[in-house]
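Contents: one structure, followed by commentary.
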Amino acid sequence: MSEDLFPIPADWAAHARMNQTARAADYRRSLDDGDAYWLEQAQRLDWITPPTRASDSSFDEADFGIQWFADGTLNVSANCLDRHLAERGDVTAILWEPDDPSEAPRSLTYRELHAEVCRFANVLKDAGARRGDRITIYMPMIPEAAMALLACARIGAIHSVVFGGFSPEALAGRITDCDSSIVVTADEGRRGGKRVPLKANVDAALALDHCTSVRRVLVVRATGGAVAMQPGRDSWYDEAMAGVAPDCPAEVMNAEDPLFLLYTSGSTGKPKGVVHSSGGYLLWASLTHALCFDYRPGDVWWCAADVGWVTGHSYIVYGPLANGATTLMYEGLPSWPTPSRIWEVVDRHQVHTLFTAPTVLRALMKEGDHHVAKTSRASLQLLGSVGEPINPEAWRWYHGVAGEGRCPIIDTWWQTETGGAMIAPMPGATDLKPGSATFPMPGVEAQIVDGEGAVQDGASEGNLVIARSWPGQMRTVWNDHERFFQTYFTTFPGKYTTGDGARRDEDGYYWITGRVDDVINVSGHRMGTAEVESALVLHATVAEAAVVGMPHDIKGQGIYAYVTLNVGEEPSEDLRRTLTQWVRSEIGPIATPDVIQFAPGLPKTRSGKIMRRILRKIAEGEVSAQALGDVSTLADPSVVADLVRSRAGVA
Ligand code: ATP
Ligand code: MG
């Protein structure tokens, strides 16, 4: 992997809230004097009853439990809205960019958003919602989605957002798991010029035999498309809003009351209902947004994720709004109608910071630089990445082409379970290395342990664990506290197991090597899939690569690489040989791929992550539907059949 250093730009060093020395001192204090440190940080929030205690947490089986600020009370929506009204009421809270670029954007000030959320909260109450009830939100990327989250928070209902791309079956499973009584949806969604039949999907989900908990469905009119309304169960949101009182007092919530639950994307198995708290979670979202992105009032902030993922929760809605930011919400796809769209949105709204995912960057790279060059991007000062390891090649493109060498890259490593960024640079405090998420955030006691749990010091590689609780940590798996404990705290007792592998270099930088389950063992050498993939992507013809292990008589495991070529490149035997040789010279003979299969598409979750579980099966020759398992969370299940078909020619 690349070891080049990109030093902190002078202007960032001069004005950022955290410099290199301050970051190091702050980190040390967060671990040495954690209670005092966190009670002080908690003052970022507006408490009804300020907490007098920080962490009451233990990862040990005997007294297992995670609690933060347990005697504090607050309301999350009041923190995101009411407290800004006096000084920032007329500042834009949400900027909305429609799917179709010929349509006008929308914007809402904090005052307007507050008014809408209060009414929305009353609509939910009218529909029978009470504190602690679960409300499923199945929405397109429109401002009403953010309002729905905040309206739940206002009355103490627990929201469960299900990504609008999920099928009726997936939706029904998530409704039933948490016994949701209300669904908030829209007539239709729009993405890339196509309509998504959200209300029809809800109808199909609720028609399933096992899906019986829902009493009311609220429908936002987003496209005006025709939908069936079931009397007594379904109501139009706009009609309901017209009939309720304009003000709604914010419910007094305990810091530990659940704010939301969110099902993980399912790259690794049956989705889990990850439960997040009100106080600790909001503090984590707000603090990490401020530190990693050095957010300043007036900057236009764009997290280009979907609100259906944790990234959307923490960095479109809760973190930015708690910080009084202007947050951009985009309805559509980054490359529609053309691969320039993402940059055109940046120009249209004068975006200061863009936060997106490596999968988006690789897709844009593949289309060619001219789509970027024809836009200005002069407003961009900072770029963020999340979701997967970012290959140094994509990093350099993001930095050099998109950011014209001016914008630090904030590569944030974290998980649905962690609530917000855990290992990440800060623009004024961290020299960057392409492909490294750099250093742990305050309070994050990251460790690398070997297979037996022995802590590795200095430069080392192994399992990434977190040795103590942090405020943004998930509190439980919905309805299955035992699964929570078993999944995360038994592999290495007393520690939170991330499931990811990492390497720490001589300078203390962390490099995420991929999921531990994906590590390949070739003749006794352990190798992260990310490293081989990065080498492949470095080749000029390669757009994307996914690497898995395959059974090998001599080596134990061999390397099986799926390769997607750039637009205009053709697969050939010559190219196969060239790429094999290329990896050999980039990493070493040990990493030589045994099989390269050219793949026009890779199986990805709807959040854009490669599902290696399926690729492993195909590589092993296990291609029956049964062996391939649940493919319902894939963005495009037909990719799997194509891979199975073309496998015959290579392996
Ligand atoms: P599931 O847990 O249901 O299988 P998932 O792990 O894909 O799904 P997320 O919580 O969205 O769901 O993703 C977290 C994972 O994504 C991390 O554990 C890590 O493997 C990967 N990841 C996220 N950000 C980064 C990053 N900046 N660098 C490297 N890996 C990352
Ligand atoms: Mg995960």
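Position 261, counted from 1, in the sequence shown is what numbering that gives the first Met the number 0 calls 260; the numbers after and before it change by one each time, with no gaps.
We treat Cβ as the ideally placed atom computed from N, Cα and C, and that holds for glycine.
From a predicted model like this one, the values you see are computed outputs, not experimental measurements.
{"Asked": "Reducing DSSP to helix, strand and coil, say where Ile-613 ends up.", "Found": "helix"}
{"Asked": "If you compare alpha carbons, which of Ser-533, Trp-301, Phe-165, Gly-498 is closest to Glu-392?", "Found": "Ser-533"}
{"Asked": "Rounding to the nearest angstrom, what Cα-Cα distance links Ala-634 and Ala-15 in this structure?", "Found": "39 Å"}
{"Asked": "Using alpha carbons as the reference points, say which of Arg-340, Ser-637, Thr-632 lies closest to Glu-168.", "Found": "Thr-632"}
{"Asked": "Quick one, which of Val-443, Val-350, Leu-261, Asp-593 has its alpha-carbon nearest Ile-134's?", "Found": "Leu-261"}
{"Asked": "Exposed or buried, which one is Gln-580 when buried takes at least 16 other CB atoms within 10 Å?", "Found": "exposed"}
{"Asked": "Considering only C-alpha positions, which residue in the set Gly-297, Asp-298, Pro-296, Tyr-314 is nearest to Ala-304?", "Found": "Tyr-314"}
{"Asked": "Rounding to the nearest angstrom, what Cα-Cα distance links Ile-65 and Leu-112 in this structure?", "Found": "33 Å"}
{"Asked": "Would you kindly work out how many angstroms separate the C-alpha atoms of Glu-343 and Leu-360, rounded to a whole number?", "Found": "15 Å"}
{"Asked": "For Met-0, which of helix, strand or coil comes out of DSSP?", "Found": "At Met-0 the pLDDT is 46, less than 50, meaning the model places this residue with poor confidence and gives no usable figure here."}
{"Asked": "So, under 8 Å CB-CB, Ile-511 and Ala-529 are touching, yes? Tell me the CB distance rounded to an integer number of Å.", "Found": "7 Å"}
{"Asked": "Quick one: grab the DSSP three-state call for Pro-599.", "Found": "coil"}
{"Asked": "Can you look up Gly-399 in the DSSP assignment and give me helix, strand or coil?", "Found": "helix"}
{"Asked": "Where does the unbroken beta strand (DSSP E) through His-288 begin, and where does it stop?", "Found": "Taken as a continuous stretch (DSSP letters only), His-288 belongs to no beta strand (DSSP E), being part of the alpha helix (DSSP H) at 278-292."}
{"Asked": "Looking at C-alpha atoms only, which residue of Ser-334, Pro-357, Gly-278, Met-138 is the closest neighbour of Gly-318?", "Found": "Gly-278"}
{"Asked": "Take every Cβ of the stretch 485-497, pair it with every Cβ of the stretch 452-465, and state whether three or more of those distances are shorter than 8 Å.", "Found": "yes"}
{"Asked": "So for Thr-489, helix, strand or coil by DSSP?", "Found": "coil"}
{"Asked": "If you draw a straight line from the C-alpha of Asp-34 to the C-alpha of Val-182, how long is it?", "Found": "39 Å"}
{"Asked": "Closer than 7 Å: is that where the CB of Gln-414 sits relative to any heavy atom of the ligand SAH?", "Found": "This structure lacks the ligand SAH; the ligands present are the ligand ATP and the ligand MG."}
{"Asked": "Any chance you could list the beta strand (DSSP E) runs of at least 3 consecutive residues sitting entirely within the stretch 340-406, in chain order?", "Found": "352-355, 381-385"}
{"Asked": "Would you call Met-0 buried or exposed, if buried means 16 or more other Cβ atoms sit within 10 Å of its Cβ?", "Found": "Bear in mind that the predicted position of Met-0 carries a pLDDT of just 46, short of 50, making it unreliable; the figure below should be weighed with that in mind. By the neighbour-count rule (16 or more Cβ atoms within 10 Å), Met-0 is buried."}
{"Asked": "So who's on the other strand from Ala-545, going by DSSP bridges?", "Found": "Tyr-561"}
{"Asked": "Given 7 Å as the limit, tell me if Ile-157 has its C-beta closer than that to any heavy atom belonging to the ligand ATP.", "Found": "no"}
{"Asked": "Among Asp-499, Val-306, Arg-129, whose alpha-carbon lies nearest the alpha-carbon of Val-251?", "Found": "Arg-129"}
{"Asked": "Give me the Cβ distance between Tyr-137 and Val-201, rounded to the nearest whole Å; I'm assuming they're in contact under 8 Å.", "Found": "6 Å"}
{"Asked": "Measure the alpha-carbon distance for Leu-149 versus Asp-31 and round it to whole angstroms.", "Found": "35 Å"}
{"Asked": "Please state the DSSP three-state secondary structure of Cys-302.", "Found": "strand"}
{"Asked": "Identify, in the order they occur along the chain, each residue of the same chain with its Cβ nearer than 8 Å to the Cβ of Val-566, setting aside the five sequence neighbours on each side.", "Found": "Lys-365, Glu-366, Gly-367, Ala-542"}
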